Amino acid sequence: MRMQKSSSSGAFCVALVSVMLLAGAGAFGQSVSPEKSCAELRADPDQFHKCAIARAATFSPRRTSDGHPDLRGFWGRTLNSYDLEDHPASFMIRAQKSMVVDPADGKIPYQAWAIPQRNKNAATYVDPNSLCRLSGVPRTTGYMSDRILLHQSPDYVAFLSGDHGYRIVSMKDVPHVGQDIRLWNGDARGRWDGNTLVIDVANQNGKTWFDIAGNFASESVHVTERLTLIDANTIHYQATIDDPKVFTRPWTIAAALVRNASDDKELWLEECYEGEQSSKRLLSTHGRYPGYSIAVGR
Amino acid sequence: MLVAGAPAYALVPPVSAQTSTVARTSDGHPNLEGIWQAVNTAAWDVQDHSGKFGVPAGQGIVEGNEIPYQPWALAQKKTNYEKRASLDPEAKCQMPGVPRITYLPYPFQIFQSGEYIAIVYEYIHINRIIHLDGSAHPDPELIEFWMGDSRGHWEGNTLVVDVTNFTDKTWFDRAGNFHSANLHVIERYTPTGPDHLQYEATIEDPKVFTRPWKISFPLYRRQDKNVQLLEYECYAYAEEQQ
Amino acid sequence: MRVHSLVLIAMTSLVTAAAPAIAHHSFAAEFDANQPVTLRGVVTKVERVNPHGWIYLDVKDSTGKIVNWAIETAASSQLAKRGIGKNFPPIGMEIIVTGFRARDGSTTANGATLKNSEGKDLFSVASGDADAPRR
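Now the structure itself:
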C-alpha cells in the first residue's frame with residue numbers, strides 16, 4: 000500500500016503493518032498470516048525465504064495458455080546490491096541483512112584465499128557495473144533492477160530492462176553455447192519444475208561482481224536460478240552459485256521480486272552509452288577490474 | 000469441369016495468397032517472432048557507394064538514392080563524412096538510433112504480445128518496446144531518447160511503428176548522414192514469406208531535409224542451427240583497448 | 000510562455016523523499032559525503048544524459064573569479080518522471096545547488112537539491128539513495 004509520508008494516514012499505515020507482523024509471529028519465528036504477503040518480510044531474506052517456501056506449497060498461480068505459471072509483467076527488486084552479506088548503513092547506503100540463505104550463517108563460503116581477494120577487489124577496482132558493464136547473474140535479475148519487464152512464451156522467457164539490458168532464456172532443449180563464448184550475462188536455459196521456472200546459467204565471463212563490495216566468482220561459475228510465484232504480486236527468487244575454484248561449496252541467495260504497483264507500462268531506455276562522464280572520475284582513483292583470471296592470477 | 004479440347008493448366012494463385020505461409024498469432028496478426036538480420040552495407044553508407052579499404056561496395060537502401068538535404072545540411076554532411084572516424088557516435092560505442100540499429104551487422108530478436116512488440120538487439124543490448132496499446136508518445140519537451148520512442152499498430156499484415164522523441168545525437172550511417180531532434184521515423188515491417196520481412200522506413204525532418212525520404216530492404220530470418228543472440232559490448236571492448 | 004510552463008511543472012513536482020536510484024554506481028567511490036557544497040551560480044548548460052545528467056553553473060569563487068561547476072543529476076528519464084522538462088533549468092537562470100563534491104578535487108559535485116535565487120526549493124536532482132530499491 001502507498002504510504003503518504005506526512006499525512007496521518009501514513010502513520011496509521013505503518014502502525015497497521017506493525018500490528019499485522021506482530022500478530023503473525025508463529026512457532027517458526029516471524030511469519031505472516033495467510034492473507035498477507037511474504038513480501039512483508041522482504042528486508043530479512045532468510046525469513047522471506049522460509050515464508051516463501053511454505054507459501055509456494057499452497058499457492059495456485061494464474062497460468063498462461065500453455066499451462067505454466069504466468070510470470071509476465073513488470074517486476075522490481077526489494078534489496079540493494081551494495082553487499083550480498085549483512086551490512087550496516089553508511090552514507091546513502093541502507094543497512095541490509097544477508098541475502099545468503101544457505102549456508103545458514105549468511106556468509107559466502109569462500110575458500111580461505113578468496114576473502115582477502117574480495118576485500119582487495121573493492122579497495123583496488125571500480126565495480127564493473129559502475130563502468131557501464133552488464134552485471135551478470137544473479138545480480139542483474141535478483142537485486143539490481145527496479146523495473147524489469149518479464150516476457151514469457153513457450154519457447155522463451157525474456158527479462159527486459161531499461162538500464163541493465165536484457166536476458167533471453169531459451170526454454171528449448173538445446174545445449175549451452177560453446178565454452179569459448181563468454182557473456183557478461185551468461186547463457187541461460189530454462190525449464191519448468193512444477194510451478195518453478197528453473198534457469199541454468201553458464202558461460203559467464205568472470206568480469207562481473209555480485210555486488211558493489213567486490214564479491215566475485217570465476218568464469219567457471221554455474222548459477223541455477225529458481226523463480227516461483229508465491230502470490231499474485233511476489234516472486235520468490237533464488238539463485239544457487241556453484242564455483243569450485245572460489246568457494247568451498249555451492250551457496251544460495253534468496254530475495255523477493257515484487258510486481259510494480261502502478262499500471263505504468265513504459266520501459267524507458269536509460270542505458271549508459273550516451274557519452275557518460277563518470278567513468279573517468281571513477282578510474283582516477285581505482286582501476287578497471289580485469290576479470291577473475293587476471294585479478295586472481297589463475 | 001473439363002471442357003473437351005480446352006488446355007489443362009493450373010491457375011497461378013494470386014500473390015496475396017502466398018502470405019498464408021506466414022505464421023500468425025492467436026489474434027490473427029502476422030507472427031514476427033524470431034531472430035532477424037539485415038544483409039546489406041547500409042551501416043557504412045545508406046546510399047550507393049564504391050568499395051574502399053575495409054568498406055564493401057554497396058547498392059544503397061535509399062529509394063531514388065537521393066537524400067534531400069537542405070543546402071546547409073548538405074555541407075554539414077560533407078563535414079561529418081570527412082571527420083567520421085572521430086565524429087560518428089557509433090564509433091565511440093554510443094547508441095546508433097533508429098533506423099540505423101536495424102541495419103547494423105548484428106542480429107536482433109523480436110518478441111510479440113498483444114500489448115507490445117519487443118525488439119532486442121545484440122548490439123550493446125539495446126531493447127525497444129513498441130507499444131501496441133494506442134498510448135501516446137511522451138511529451139518531447141519532457142524527454143528525448145537516443146533510440147526514440149516507439150508506438151505501433153497493425154495495418155493488415157504490416158506492423159507500422161511511429162518513432163519520435165529523438166535526440167540530434169545519432170547518425171544514419173558511418174558516412175555522416177544525420178538528423179535533428181525533430182526526426183520522425185515511420186517504420187513498416189511486412190512479412191513477404193515465412194523467412195523474410197520487408198523493412199521500410201520513412202524519414203521526416205523538416206529542419207534538415209526538403210522533403211521526406213524513404214529506405215527499404217529485406218530482413219532475413221537467421222537459419223543457422225540453434226542460432227541465438229550473443230553480446231556485443233562495444234563500450235567494454237573499446238575501453239579495454241585504451 | 001513555454002519556459003514559464005516548464006518552471007511551473009518543476010515547482011509542483013517537489014520531491015521530498017529520497018528518490019529511487021538507477022543504482023549505477025556507488026556514490027562513495029566518486030563523491031565525498033564529508034565535502035558538502037552549496038553553490039550559487041548561473042546555468043550555462045544542461046545535459047540530459049543517462050545514466051547521469053549534468054547541469055553546468057558559472058559560480059563566483061571567493062576571489063570573485065568565475066569558475067564553471069559540473070553538477071551531476073539523476074538520469075534523464077528519472078528527471079522526466081519527476082516532471083522536469085528537458086530544457087529546465089533554462090540557461091541564464093540563477094540557481095542555488097546543494098550537493099557533495101567529487102573526490103578527485105575537480106569542480107564537480109553530485110547534485111542533491113536545486114533552489115531558485117531566493118532560496119525556494121525547485122526540485123531534487125538527486126540520484127537518490129545509492130542503490131536502494133524503490134519498494
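Chains as they are written, first to last, in numbering that gives the first Met the number 0: chain L, 0 to 297; chain U, 0 to 241; chain W, 0 to 134.
For every residue, glycine included, the Cβ atom is placed at its ideal position computed from N, Cα and C.
As the structure is a prediction and not an experimental result, all values here were calculated from the model.
Quick check: what's the CA-CA separation for residue i versus residue j?
i              : j              : result
Y80 (chain U)  : V257 (chain L) : 49 angstroms
I293 (chain L) : K206 (chain L) : 10 angstroms
E39 (chain L)  : S97 (chain L)  : 16 angstroms
L113 (chain W) : P33 (chain L)  : 46 angstroms
E84 (chain L)  : C37 (chain L)  : 21 angstroms
S179 (chain U) : E218 (chain L) : 43 angstroms
V14 (chain U)  : N156 (chain U) : In this prediction, V14 (chain U) scores a pLDDT of 44, lower than 50, which makes its location untrustworthy; the coordinate-derived value is nonetheless stated afterwards. So the alpha carbons of these two residues sit roughly 13 angstroms apart.
P67 (chain U)  : P211 (chain U) : 8 angstroms
T284 (chain L) : I34 (chain U)  : 42 angstroms
Q222 (chain U) : P193 (chain U) : 12 angstroms
D192 (chain L) : R138 (chain L) : 22 angstroms
F246 (chain L) : M94 (chain U)  : 38 angstroms
G96 (chain U)  : A103 (chain L) : 48 angstroms
D87 (chain U)  : G274 (chain L) : 12 angstroms
R83 (chain U)  : S144 (chain L) : 36 angstroms
P174 (chain L) : S75 (chain W)  : 40 angstroms
D26 (chain U)  : Y102 (chain U) : 29 angstroms
H130 (chain U) : R150 (chain U) : 5 angstroms
V124 (chain W) : W153 (chain U) : 39 angstroms
K85 (chain W)  : G40 (chain W)  : 19 angstroms
D242 (chain L) : L182 (chain L) : 17 angstroms
D60 (chain W)  : G110 (chain W) : 18 angstroms
P127 (chain L) : R62 (chain L)  : 38 angstroms
M150 (chain L) : F110 (chain U) : The sequence given here has His at residue 150 (chain L), not Met. Cα to Cα, the separation comes out at about 8 angstroms.
A26 (chain L)  : D45 (chain L)  : Only weak support exists for where A26 (chain L) lies, its pLDDT of 39 falling under 50; the coordinates are left without a value.
Within 10 Å of its beta-carbon, does residue i have 16 or more other beta-carbons around it, so buried, or fewer, so exposed?
i              : result
I116 (chain U) : buried
Y188 (chain U) : buried
R280 (chain L) : buried
T37 (chain W)  : exposed
A94 (chain L)  : exposed
K80 (chain W)  : buried
Y291 (chain L) : buried
Q200 (chain L) : Checking the sequence, you will find Val at residue 200 (chain L) rather than Gln. Buried, by the Cβ-count rule.
F177 (chain U) : buried
G91 (chain W)  : exposed
E89 (chain U)  : buried
F26 (chain W)  : buried
For residue i, which of helix, strand or coil comes out of DSSP?
i              : result
L86 (chain U)  : helix
V295 (chain L) : helix
R100 (chain W) : strand
Y80 (chain U)  : helix
G52 (chain W)  : strand
R61 (chain L)  : coil
A24 (chain L)  : Note that A24 (chain L) has pLDDT 39, beneath the 50 cutoff, so the model's placement of it is unreliable and the number below is only indicative. Looking at A24 (chain L) - three-state DSSP - the assignment turns out to be coil, as it is neither helix nor strand.
P243 (chain L) : coil
T284 (chain L) : coil
K224 (chain U) : coil
R39 (chain W)  : strand
N120 (chain L) : helix
Y234 (chain U) : helix
N311 (chain L) : Since the first and last residues shown for chain L are 0 and 297, residue 311 (chain L) lies out of range.
P104 (chain U) : coil
T223 (chain L) : strand
E39 (chain L)  : helix
K279 (chain L) : helix
F158 (chain L) : strand
N115 (chain W) : strand
A74 (chain U)  : helix
V93 (chain L)  : A small correction: the amino acid at residue 93 (chain L) is Arg; Val does not occupy that position in the sequence shown. Coil, per DSSP.
Can you check whether the CB of residue j is closer than 7 angstroms to the CB of residue i?
i              : j              : result
I70 (chain W)  : I54 (chain W)  : yes
A231 (chain L) : H48 (chain L)  : no
F87 (chain W)  : F30 (chain W)  : no
E265 (chain L) : N49 (chain W)  : no
L228 (chain L) : Y236 (chain L) : no
A121 (chain L) : A212 (chain L) : yes
V38 (chain U)  : P29 (chain U)  : no
K213 (chain U) : N181 (chain U) : no
Ignoring anything shorter than 4 residues or poking outside the segment 64-100 of chain W, list the alpha helix (DSSP H) runs there in chain order. Complete alpha helix (DSSP H) runs here, min 4: 75-80.
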